[in-house]
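A.B. asks: Each residue of the sequence shown is one higher than the one before, starting from 264 at the first, in the numbering used here. Just so it is clear, CB atoms sit at the ideal spot from N, CA and C, and this is done for glycine as well. Bear in mind the structure is a predicted one, so any value in this text is a computation, not a measurement. Structure below; questions to follow.
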Amino acid sequence: MIVKGPQKARGEVIVSGSKNAVLPIMGASLLTDEEIVLNNVPDLADVKTMIEILESAGKEIDRYDDQLIIRGTGRINSDIPYEPVRKMRASFNVYGPLTIRNGYAKVALPGGCSIGARPVDFHLEGLKKLGIESTVEHGFVMSSISKPNKEINVTLPFPSVGATEHILTTACLLKGVKTTITNCAIEPEVTDLGNFLNKMGARISGIGTSILKIEGVDKLGGINYTIIPDRIEAGTFIIMGILIGENLVIKNVTAEHLDALFSVFEKIGSPINYDKKKREVKVGAVPLQSLKNISMETSPYPGFPTDLQPQITTLLSLVPGRSTITETVFKSRFYHIDELNRMGAKIRVEDNTAIIEGVNKLTGAPVEATDLRAAAALLIAGLVAEGETVITNVDHIFRGYENIQEKLERLGIDLLYIK
264 MIVKGPQKAR
274 GEVIVSGSKN
284 AVLPIMGASL
294 LTDEEIVLNN
304 VPDLADVKTM
314 IEILESAGKE
324 IDRYDDQLII
334 RGTGRINSDI
344 PYEPVRKMRA
354 SFNVYGPLTI
364 RNGYAKVALP
374 GGCSIGARPV
384 DFHLEGLKKL
394 GIESTVEHGF
404 VMSSISKPNK
414 EINVTLPFPS
424 VGATEHILTT
434 ACLLKGVKTT
444 ITNCAIEPEV
454 TDLGNFLNKM
464 GARISGIGTS
474 ILKIEGVDKL
484 GGINYTIIPD
494 RIEAGTFIIM
504 GILIGENLVI
514 KNVTAEHLDA
524 LFSVFEKIGS
534 PINYDKKKRE
544 VKVGAVPLQS
554 LKNISMETSP
564 YPGFPTDLQP
574 QITTLLSLVP
584 GRSTITETVF
594 KSRFYHIDEL
604 NRMGAKIRVE
614 DNTAIIEGVN
624 KLTGAPVEAT
634 DLRAAAALLI
644 AGLVAEGETV
654 ITNVDHIFRG
664 YENIQEKLER
674 LGIDLLYIK
């Protein structure tokens with residue numbers, strides 16, 4: 264992607280449905296043969312990958328604009344091929360539901376972005392308590408299931424979003440079994456999944472808290488459900504707006520999902536103007552010399568999201584003084600920093616902390632995107648920098664931002680994407 268800066272963003276942009284919410288919800292559709300209708304589904308590479316996985320498992324899927332219709336075919340195939348699973352981590356969450364449906368599953372170990380080790384141990388240890396035994400051979404995880412205890416307690420060593428979602432979904436169809444999961448992730452996407460499952464007929468209490476209780480049922484039904492807006496996309500556009508916005512309006516924003524980001528803006532001296540009734544944010548570029556430096560850290564929700572860390576790093580690289588960001592979720596998530604430094608930023612990493620010395624400007628340079636959010640951070644940097652920035656491996660960005668090129672062009676931004 265070739266970007267010439269600096270540029271301005273003007274007009275309105277609508278935030279799409281949440282990538283991180285829709286993927287586990289799509290995986291949970293394996294728990295029923297009845298029709299599932301999902302609305303506000305973003306058109307993303309990761310969604311297409313999950314469609315491929317569901318179709319290989321025996322589902323029939325139709326798409327109409329932002330709506331997905333998922334139908335059962337009367338059969339479930341529990342052998343999922345390597346190719347789609349290697350593309351993203353969320354694909355592994357079909358492993359438990361497939362095991363519950365068929366008594367076994369064979370799923371490749373997952374792939375995704377290169378942002379540090381993200382082992383599936385928490386998933387497998389939790390599923391083992393549900394009666395699912397797993398073996399790993401030749402890059403595949405294979406399962407068998409035995410009768411579980413009537414009461415199960417699973418305590419997660421870390422509030423992992425993926426493990427919480429996986430164990431929660433799998434426990435719903437353990438008829439007559441009461442499962443308690445403690446130290447759960449409480450991200451909005453987990454809440455969305457819990458609400459979806461309950462609407463299907465699951466019996467889950469404690470949704471939105473760190474303790475989930477599930478009473479297993481024998482059947483789940485089809486429903487019509489609307490996915491929440493993507494808080495990471497919203498946050499990315501807001502950060503971009505602080506740097507290059509000119510009467511920029513960001514619509515379909517759920518403010519309570521972005522409290523940690525709004526708090527950061529308060530601290531650096533650029534509070535966010537949110538219209539609760541319209542669910543929109545109005546933002547414009549602020550004089551960067553007027554902003555204050557900050558020390559902050561990422562942490563599980565309701566803390567500052569790791570998925571916005573590369574983007575806020577780009578902003579802080581232009582804020583006077585020394586700022587620090589400590590990464591506590593994915594400690595290797597600093598690959599974007601060398602690329603920002605190529606553009607004139609002054610950032611160094613010590614252990615899991617980025618130490619940022621604010622500079623007056625960034626300049627265009629050839630850079631490489633190593634993961635989804637790094638691609639977004641480098642695109643923002645290219646838009647605010649002087650001169651031409653060429654981002655290679657930019658395709659990562661299409662995994663998490665629906666129609667990103669078209670959205671930016673409608674805001675008056677000029678860029679060139681070359682396949």
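Just to confirm, are V440 and G479 a CB contact at a threshold of 7 angstroms?
C.D. replies: By 1-based counting over the sequence shown, the position of residue 440 is 177. By 1-based counting over the sequence shown, the position of residue 479 is 216. Yes, they are a contact pair.
A.B. asks: Kindly indicate which three-state DSSP category A320 falls into: helix, strand or coil?
C.D. replies: Counted from its first residue, the sequence shown places residue 320 at position 57. Here A320 sits in coil by DSSP.
A.B. asks: Run through DSSP, which three-state label would Q330 get?
C.D. replies: The residue you call residue 330 lines up with position 67 of the sequence shown. Looking at Q330 - three-state DSSP - the assignment turns out to be strand.
A.B. asks: R466 bridges to which residues according to DSSP?
C.D. replies: The count along the sequence shown starts at 1 and reaches residue 466 at position 203. According to DSSP, R466 bridges with E478.
A.B. asks: What whole-angstrom Cβ distance do K539 and A518 have, given they're in contact under 8 angstroms?
C.D. replies: Against the sequence shown, residue 539 aligns to sequence position 276. Against the sequence shown, residue 518 aligns to sequence position 255. Right, their Cβ atoms sit about 7 angstroms apart.
A.B. asks: Does the separation of the CB atoms of N615 and E590 fall below 7 angstroms?
C.D. replies: Along the sequence shown, read from residue 1 onward, the residue named residue 615 stands at position 352. Along the sequence shown, read from residue 1 onward, the residue named residue 590 stands at position 327. Against a cut-off of 7 angstroms, the Cβ pair of E590 and N615 comes out as a contact.
A.B. asks: Curious, which full-length beta strand (DSSP E) runs of at least 3 residues does the stretch 491-540 contain?
C.D. replies: As far as the stretch 491-540 is concerned, its whole beta strand (DSSP E) runs of at least 3 residues are 508-514, 536-538.
A.B. asks: Among I430, N556, L419, which one has its Cα closest to the Cα of I618?
C.D. replies: Within the sequence shown, residue 618 is the residue found at index 355, counting from 1. Taking only the C-alpha atoms, the option nearest I618 is N556.
A.B. asks: Where does D601 sit, in a helix, a strand or coil, going by DSSP?
C.D. replies: The count along the sequence shown starts at 1 and reaches residue 601 at position 338. Here D601 sits in helix by DSSP.
A.B. asks: Taking 7 angstroms as the cut-off, decide whether the C-beta atoms of L307 and K282 are in contact.
C.D. replies: Here the question's residue 307 lines up with position 44 in the sequence shown. Here the question's residue 282 lines up with position 19 in the sequence shown. The answer is yes: Cβ separation under 7 angstroms.
A.B. asks: Can you check whether the CB of E396 is closer than 7 angstroms to the CB of S407?
C.D. replies: In the sequence shown, counting from the first residue as 1, residue 407 sits at position 144. In the sequence shown, counting from the first residue as 1, residue 396 sits at position 133. Yes, Cβ-Cβ distance for S407 and E396 is below 7 angstroms.
A.B. asks: If you draw a straight line from the alpha carbon of E602 to that of R338, how long is it in whole angstroms?
C.D. replies: Within the sequence shown, numbered from 1, the residue matching residue 602 stands at position 339. Within the sequence shown, numbered from 1, the residue matching residue 338 stands at position 75. Answer to the nearest angstrom: the Cα atoms are 48 angstroms apart.
A.B. asks: Between which two residues does the beta strand (DSSP E) holding K670 run?
C.D. replies: Along the sequence shown, one-based indexing puts residue 670 at 407. No beta strand (DSSP E) holds K670; the alpha helix (DSSP H) holding it covers 667-673.
A.B. asks: Please report the residue range of the alpha helix (DSSP H) in which R636 lies.
C.D. replies: On the sequence shown, position 373 is the one that residue 636 refers to. From DSSP, the alpha helix (DSSP H) with R636 extends over 635-647.
A.B. asks: Can you say whether L393 is buried or exposed, counting buried as having 16 or more other CB atoms within 10 angstroms of its CB?
C.D. replies: Here residue 393 corresponds to residue number 130 of the sequence shown, with the count starting at 1. Under this definition L393 is a buried residue.
A.B. asks: Here's the rule I'm using: 16 or more other beta-carbon atoms within 10 Å means buried, otherwise exposed. How should I681 be labelled?
C.D. replies: For this step, residue 681 is matched to residue 418 along the sequence shown. It is exposed - the Cβ of I681 has fewer than 16 other Cβ atoms within 10 Å.
A.B. asks: I'd like the span of the alpha helix (DSSP H) that includes Y345, first residue to last.
C.D. replies: Along the sequence shown, read from residue 1 onward, the residue named residue 345 stands at position 82. Looking at the DSSP string, the run of the alpha helix (DSSP H) that includes Y345 is 345-348.
A.B. asks: Verify whether the separation of the beta carbon atoms of V544 and I513 is less than 7 angstroms.
C.D. replies: Here the question's residue 544 lines up with position 281 in the sequence shown. Here the question's residue 513 lines up with position 250 in the sequence shown. Against a cut-off of 7 angstroms, the Cβ pair of I513 and V544 comes out as a contact.
A.B. asks: Quick check on this structure: which residue in N536, L437, A497, G607 has the alpha carbon closest to the alpha carbon of P629?
C.D. replies: Locating residue 629 in the sequence shown gives position 366, counting from the first residue. Comparing Cα positions, the closest option is G607.
A.B. asks: What is the rounded straight-line gap between the Cα of E297 and the Cα of V424?
C.D. replies: Numbered from 1 along the sequence shown, position 34 holds the residue referred to as residue 297. Numbered from 1 along the sequence shown, position 161 holds the residue referred to as residue 424. Rounded to the nearest angstrom, the two C-alpha atoms are 27 angstroms apart.
A.B. asks: How would you label G532, buried or exposed, when you count the other beta carbons within 10 angstroms and need 16 or more for buried?
C.D. replies: For the purposes of this step, residue 532 is taken as residue 269 along the sequence shown, with counting starting at 1. Under this definition G532 is an exposed residue.
A.B. asks: Which runs of the beta strand (DSSP E) fall wholly inside the stretch 295-320 and span at least 3 residues, in chain order?
C.D. replies: Whole beta strand (DSSP E) segments, 3+ residues: 299-302.
A.B. asks: For A648, I'd like the list of residues in its chain whose CB is within less than 6 angstroms of its CB, leaving aside the five on either flank, ordered along the chain.
C.D. replies: To locate residue 648, count along the sequence shown from 1; it is residue 385. Closer than 6 angstroms at the Cβ level, and outside the excluded window around A648, lie G268, M606, L625, T626, G627.
A.B. asks: Just mark V285 as buried or exposed, buried being the case when its beta carbon has 16 or more other beta carbons within 10 Å.
C.D. replies: One-based indexing of the sequence shown puts residue 285 at position 22. Buried: at least 16 other Cβ atoms inside 10 Å.
A.B. asks: Please determine, among V516, M289, P573, K594, the residue with the shortest C-alpha to C-alpha distance to Y358.
C.D. replies: Residue mapping note: residue 358 aligns to position 95 of the sequence shown, counting from 1. Checked all of V516, M289, P573, K594; the closest Cα to Y358 is M289.
A.B. asks: How long is the line joining the alpha carbons of G274 and E672, rounded to whole angstroms?
C.D. replies: Translated into positions along the sequence shown, residue 274 becomes position 11. Translated into positions along the sequence shown, residue 672 becomes position 409. Looking at the two C-alpha atoms, the distance is approximately 10 angstroms.
A.B. asks: Check this for me: beta carbons of G508 and G547, under 7 angstroms apart or not?
C.D. replies: Counted from its first residue, the sequence shown places residue 508 at position 245. Counted from its first residue, the sequence shown places residue 547 at position 284. Contact flag set, yes.
A.B. asks: Given a cut-off of 7 angstroms, decide if A638 and V612 are closer than it, judged by their beta-carbon atoms.
C.D. replies: Translated into positions along the sequence shown, residue 612 becomes position 349. Translated into positions along the sequence shown, residue 638 becomes position 375. No; because the gap between Cβ atoms is not below 7 angstroms, this pair is not in contact.
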